[in-house]
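For the sequence shown, full-length UniProt numbering gives the first residue as 1, with consecutive numbering after it.
Where a beta carbon is used, it is the ideal one built from N, C-alpha and C, also for glycine.
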Amino acid sequence: MKKFSILLISAGVFFLAFGGYQWFATEKAQKDSLAEAKALLEDDDGEELSLHSKTVSASSSDSSLEEAESFSPATGETVGVLHIPKLGEDLAIVEGTDEDDLARGVGHYKGTAHPRQGEQIVLSGHRDTVFRRMGELEIGDIFTIKLPHGEFSYEITKTQIVDADDRTIIRPQGKEVLTVTTCYPFDFIGDAPDRYILTALPVEEE
Numbered sequence: 001m002k003k004f005s006i007l008l009i010s011a012g013v014f015f016l017a018f019g020g021y022q023w024f025a026t027e028k029a030q031k032d033s034l035a036e037a038k039a040l041l042e043d044d045d046g047e048e049l050s051l052h053s054k055t056v057s058a059s060s061s062d063s064s065l066e067e068a069e070s071f072s073p074a075t076g077e078t079v080g081v082l083h084i085p086k087l088g089e090d091l092a093i094v095e096g097t098d099e100d101d102l103a104r105g106v107g108h109y110k111g112t113a114h115p116r117q118g119e120q121i122v123l124s125g126h127r128d129t130v131f132r133r134m135g136e137l138e139i140g141d142i143f144t145i146k147l148p149h150g151e152f153s154y155e156i157t158k159t160q161i162v163d164a165d166d167r168t169i170i171r172p173q174g175k176e177v178l179t180v181t182t183c184y185p186f187d188f189i190g191d192a193p194d195r196y197i198l199t200a201l202p203v204e205e206e
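In structure tokens form, the structure reads like this:
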């Protein structure tokens, strides 16, 4: 019995240590990706470009339109920053939604559009890492996608819960729409059965 107790304690210590290592590794990967993403948004002098010089609307026509339309990063590449004003959070955006990509930040679903490409943009993240506070957001709150060629803001217009296997949320929209997804329920342990979906539409520049 004593040996069995020691075995159980040893196993518990191992899993705690392994879990702690995973948490540390994930936190470091996300910080490194965010630092890389913010570096992309700096000018040649190392200063972040001003909001006025970078903010554009999804429908405006200017010199950055061609760059936006041709924007197509490679899988695994750090793309930019997702800023969530209500939460005071900046999260790195990484191209792709494989586990390696999601461990580094918010994943951009390959094959969907980027800002100013006139179609659905899909961003995904884990509920227990980058999107742990997603349940605090409400209709009317803002997402801002910061890329090297501009900042693009979207207002949340709808939230919904769908089955984890529901793929109908990713489909041609005929217009620019930002779809942000994460697992649900937020406090579920293991593979969650549902997905929490936020739909946001472009905010026009005043």
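- Residue environment analysis places Ser-72 among the exposed positions, since fewer than 16 neighbouring C-beta atoms fall within 10 angstroms of its C-beta.
- In terms of Cβ geometry, Ile-161 and Asp-194 form a close pair [threshold 8 Å].
- From the listed residues Glu-77, Leu-65, Ala-92, Leu-198, the smallest Cα separation to Ala-35 is found for Ala-92.
- The three-state secondary structure of Glu-119, taken from DSSP, is coil.
- By the neighbour-count criterion, in which 16 or more other beta carbons inside 10 Å mark a residue as buried, Phe-188 falls on the exposed side.
- Straight through space, the alpha carbons of Tyr-196 and Ala-113 are spaced by roughly 20 Å.
- Residue state for Asp-100 is assigned as helix, using DSSP reduced to three classes.
- In the same chain as Pro-148, and ignoring 5 residues on each side of it, the C-beta atoms closer than 6 Å to its own belong to Leu-40, in chain order.
- With a contact defined as Cβ atoms closer than 8 Å, Val-79 and Glu-95 qualify at about 5 Å.
- Taking all protein chains shown into account, Thr-157 has fewer than 16 neighbouring C-beta atoms within 10 Å of its C-beta and is therefore exposed.
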